[in-house]
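So that you can map any letter, position 162 of the sequence shown is 162 in the working numbering, and since no number is skipped, the others follow by simple counting. Inspection log for the structure reproduced underneath, given as structure tokens.
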Amino acid sequence: MTDLGGVFPALLTPFDRQGQLNEPMVEALIHHLLEAGVDGFYVGGSTGEGLLMSPQERRRLTTAAVRAANGKAKVIVHVGANATDDAVDLARHAAEAGADAVSTLPPLFFKVGDEAVIDHYARVASAGLPLIAYHIPALTGQRMTPELMARLAEIPGVAGLKFTDNDFFLMRNLIEDGAGRWIVFNGSDEIFLCGLAMGAHGGIGSTYNVMPAAYVSLFRAFQAGDLRQAQELQFRITRAVRAIVAHPTIGALKAMMSARGFDVGEPRRPLPPVSAAVGRQLCETLDQIFATG
Ligand code: MN9
Numbered sequence: 001m002t003d004l005g006g007v008f009p010a011l012l013t014p015f016d017r018q019g020q021l022n023e024p025m026v027e028a029l030i031h032h033l034l035e036a037g038v039d040g041f042y043v044g045g046s047t048g049e050g051l052l053m054s055p056q057e058r059r060r061l062t063t064a065a066v067r068a069a070n071g072k073a074k075v076i077v078h079v080g081a082n083a084t085d086d087a088v089d090l091a092r093h094a095a096e097a098g099a100d101a102v103s104t105l106p107p108l109f110f111k112v113g114d115e116a117v118i119d120h121y122a123r124v125a126s127a128g129l130p131l132i133a134y135h136i137p138a139l140t141g142q143r144m145t146p147e148l149m150a151r152l153a154e155i156p157g158v159a160g161l162k163f164t165d166n167d168f169f170l171m172r173n174l175i176e177d178g179a180g181r182w183i184v185f186n187g188s189d190e191i192f193l194c195g196l197a198m199g200a201h202g203g204i205g206s207t208y209n210v211m212p213a214a215y216v217s218l219f220r221a222f223q224a225g226d227l228r229q230a231q232e233l234q235f236r237i238t239r240a241v242r243a244i245v246a247h248p249t250i251g252a253l254k255a256m257m258s259a260r261g262f263d264v265g266e267p268r269r270p271l272p273p274v275s276a277a278v279g280r281q282l283c284e285t286l287d288q289i290f291a292t293g
């Protein structure tokens, strides 16, 4: 059983003014989030715009992230791609670079059926790192069922699941079936505590970038059995997420980080940018949400 678990920001990928990967800023972001006490990073996922980057850029991002984390936190590299071979190449690179685990979306666009989905995961797992499968049916149209997860878990290396959904009956069934065999990360930030209540081993999320300490405190409060404190934090977090997702999420998060002095640039098209003014206003909103008694 993998020792992954805890609070993992789905790291934003910084681009410079020319739209190129900004490696020094990857390091700055990771150091900033480490100070808040996060347990690890999920790199190049949906939030990290991995699908909008070339394989070469994704390899550079992996190298920069592993170097910056420097063994102080775990690094899970998202390697999902349209072509399985691309995902396998990225997973091999992640292993060479010293990442702790990889994760991949199921096959995208083509509806290939369970056998091909299993083959995709098996090939990625053959790169040798623990593999976190990814359930995000709202974006992929693919559902992870207990039956499919049980078959995936027969593949050596399959170690967990990132569950971005609000079907907590399904989540609980997947966690119960995986006891001692695989872990499950909650993926919907606005309902992190619900996932923890159902036994999730941690969370991976986009909005962790802009309020990491709140997620770390929530997770610790829950582990300490202080449900009242965990709920108090979740309610504030949920209010903050509601304000953020009123705008295009990744653009809004990037505008917020830039407003805080981490110039991460704009998202890549087709993701829409969000203005600096909105970024500043959202930062003020969060300050208010977390300041009130
Ligand atoms: O899986 C993220 N989901 C997507 C993680 O990127 C689609 C979440 O962190 C959400 O962005 C977040 C806000 O809805 O829960």
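Virtual Cβ for every residue (Gly too), placed ideally from N, Cα, C. As the structure is a computational prediction, the values presented were derived from the model and not from experiment.
Item: Segment limits, alpha helix (DSSP H) that includes ALA91; Value: 84-97
Item: Cβ-heavy atom distance, SER206 to the ligand MN9, below 7 Å; Value: yes
Item: Cβ neighbour criterion (16 or more within 10 Å) applied to GLY157; Value: buried
Item: Inter-residue CB distance, PRO9 and PRO248 (contact presumed, cutoff 8 Å); Value: Actually they do not touch by this definition, with Cβ atoms about 19 Å apart.
Item: Candidates LYS72, GLN56, SER46, MET53, of which the one nearest GLU27 by Cα; Value: LYS72
Item: Inter-residue Cα distance where the pair is LEU233 and ILE191; Value: 11 Å
Item: Local conformation of THR2 per DSSP, three classes; Value: coil
Item: Presumed contact (8 Å Cβ cut-off) between SER103 and ILE76, rounded CB distance; Value: 5 Å
Item: Of the residues GLY261, GLY195, LEU286, VAL278, the one placed nearest PRO14, counting alpha carbons only; Value: GLY261
Item: ALA10 Cβ short of 7 Å to the ligand NAD heavy atom set; Value: Ligands displayed in this structure: the ligand MN9; the ligand NAD is not among them.
Item: Complete runs of the alpha helix (DSSP H) confined to the stretch 171-233 [at least 4 residues]; Value: 192-197, 212-223
Item: Where SER103 falls: helix, strand or coil (DSSP); Value: strand
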